[in-house]
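Enquirer: After the structure tokens below, expect a handful of questions from me.
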Amino acid sequence: SFVGRQQEIATVLLLLNRARLVTLTGAGGSGKTRLAVRVAADVVDAYRDGVWLVDLATLTDGAHVPQAVASVLGARVEAGRSVPALTDYLRFKNVLLLLDNCEHLVEACAELAYGLLRTCAGVHVLATSREPLGIAGEMRWRVPPLAVPDSAGVCVVDADSVRLFLDRATAIAPDLRLTEQNSAAVVEICRRLDGMPLAI
């Protein structure tokens, strides 16, 4: 399940309407991937040729980034000719490419994104990375941690961090409820974890 982040979703959607390259940055575990996937699900009907998720987490060589994209798209690409072939394949398509986990391949991702955006008018890129790609036209947005309540009280359950904690905790303990007796402890847990979704 996806919990909260309504304001963040709205912000990223607005950025996608303004730029063809949007990079979600932030610390590991801040929820960049889940936010990007959630936004992509909202806009899937806006792209005639689809929205495509390219997970780069396990890739170790930047030279293989174009091939990874081609593989996800189902495009046939000859070794050594991957970028031109990918450009040819996407030239007249209208797609959103979600390049996920770019931080260890920033240079290769930046080079590919720049090439595609320069030559393929219908290509848009939503990237997730601990650092920006650093190319012209890139809109960067840092994904914040989830909101943590200042103290236990009536509005505690409205905080996204608490809602996520309850969502995940009830998967293990279905009878768990937020009460006056445990709300302070739940808030303290979320605060100590700095509202980081992966930690929660």
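Throughout, the working numbering is defined as the position within the sequence shown, counted from one, plus 1308. For every residue, glycine included, the Cβ atom is placed at its ideal position computed from N, Cα and C. Keep in mind that this is a model prediction, so the values were computed, not measured.
1) Mind checking whether A1507 and L1501 have CB atoms under 8 Å apart?
2) Who pairs with A1378 in a beta bridge, going by DSSP?
3) Report buried or exposed for V1462, applying the criterion of at least 16 other Cβ atoms within 10 angstroms of its Cβ.
4) Return the CA-CA distance between V1345 and G1442, expressed in angstroms with no decimal places.
5) So, at 7 Å on beta carbons, what are the nonlocal neighbours of S1309 in its own chain, with the 5 sequence-adjacent residues on each side left out?
6) Between the segment 1313 to 1333 and the segment 1430 to 1437, do three or more beta carbon pairs fall short of 8 Å?
7) So, are the CB atoms of A1376 and L1364 less than 8 Å apart?
8) Using a Cβ-based criterion (distance less than 7 Å to any ligand heavy atom), does L1332 qualify as near the ligand ADP?
9) If you draw a straight line from the alpha carbon of A1460 to that of D1408, how long is it in whole angstroms?
10) Mind pulling the beta strand (DSSP E) runs of 3 or more residues that sit fully within the segment 1335 to 1373?
11) Does DSSP put E1316 in a helix, in a strand, or in coil?
12) What residue range is occupied by the uninterrupted beta strand (DSSP E) comprising E1446?
13) Could you check where the beta strand (DSSP E) with V1403 kicks off and where it finishes?
14) Looking at C-alpha atoms only, which residue of R1499, A1327 and M1504 is the closest neighbour of W1449?
15) On the CB-based measure, 16 or more other CB atoms within 10 Å of its CB, does G1336 come out buried or exposed?
16) Taking Cβ positions, are L1404 and V1351 nearer each other than 8 Å?
17) With a threshold of 8 Å between beta carbons, is N1325 in contact with chain D?
Expert: Checking against the coordinates, here is how it stands:
1) Translated into the one-based positions of the sequence shown, residue 1507 becomes position 199. Translated into the one-based positions of the sequence shown, residue 1501 becomes position 193. Yes, the Cβ-Cβ distance between A1507 and L1501 is below 8 Å.
2) Against the sequence shown, residue 1378 aligns to sequence position 70. Beta-bridge pairing links A1378 to no other residue.
3) Residue numbering aside, residue 1462 sits at position 154 when the sequence shown is read from its first letter. In this predicted model, V1462 has a pLDDT of only 41, less than 50, meaning its place in the structure is not dependable; the value taken from the coordinates is given anyway. Counting Cβ neighbours within 10 Å, V1462 comes out exposed, since fewer than 16 surround it.
4) Position 37 of the sequence shown, counted from the start, is the residue given in the question as residue 1345. Position 134 of the sequence shown, counted from the start, is the residue given in the question as residue 1442. Approximately 22 Å, taken between the alpha carbons.
5) The residue labelled residue 1309 in the question sits at position 1 within the sequence shown. D1475.
6) yes
7) In the sequence shown, counting from the first residue as 1, residue 1376 sits at position 68. In the sequence shown, counting from the first residue as 1, residue 1364 sits at position 56. Their beta carbons are under 8 Å apart, which means A1376 touches L1364 by this criterion.
8) Questions concerning the ligand ADP fall outside what the structure shown contains, since it holds no ligand whatsoever.
9) Taking the first residue of the sequence shown as position 1, residue 1460 is located at position 152. Taking the first residue of the sequence shown as position 1, residue 1408 is located at position 100. The pLDDT assigned to A1460 is 48, lower than 50, so where the model puts this residue is not dependable; a value taken from the coordinates is nonetheless given after this. So the two alpha carbons sit approximately 36 Å from each other.
10) 1359 to 1363
11) For the purposes of this step, residue 1316 is identified with residue 8 of the sequence shown, where counting begins at 1. Helix, per DSSP.
12) Locating residue 1446 in the sequence shown gives position 138, counting from the first residue. Start and end: E1446 to R1450.
13) To locate residue 1403, count along the sequence shown from 1; it is residue 95. Counting along the chain, the beta strand (DSSP E) containing V1403 begins and ends at V1403 to D1408.
14) In the sequence shown, counting from the first residue as 1, residue 1449 sits at position 141. If we check each option's Cα against that of W1449, A1327 comes out closest.
15) Taking the first residue of the sequence shown as position 1, residue 1336 is located at position 28. By the 10 Å Cβ count, G1336 comes out exposed.
16) Along the sequence shown, one-based indexing puts residue 1404 at 96. Along the sequence shown, one-based indexing puts residue 1351 at 43. For L1404 and V1351, yes; Cβs fall inside 8 Å.
17) This model lacks chain D altogether, as it is built from one protein chain only.
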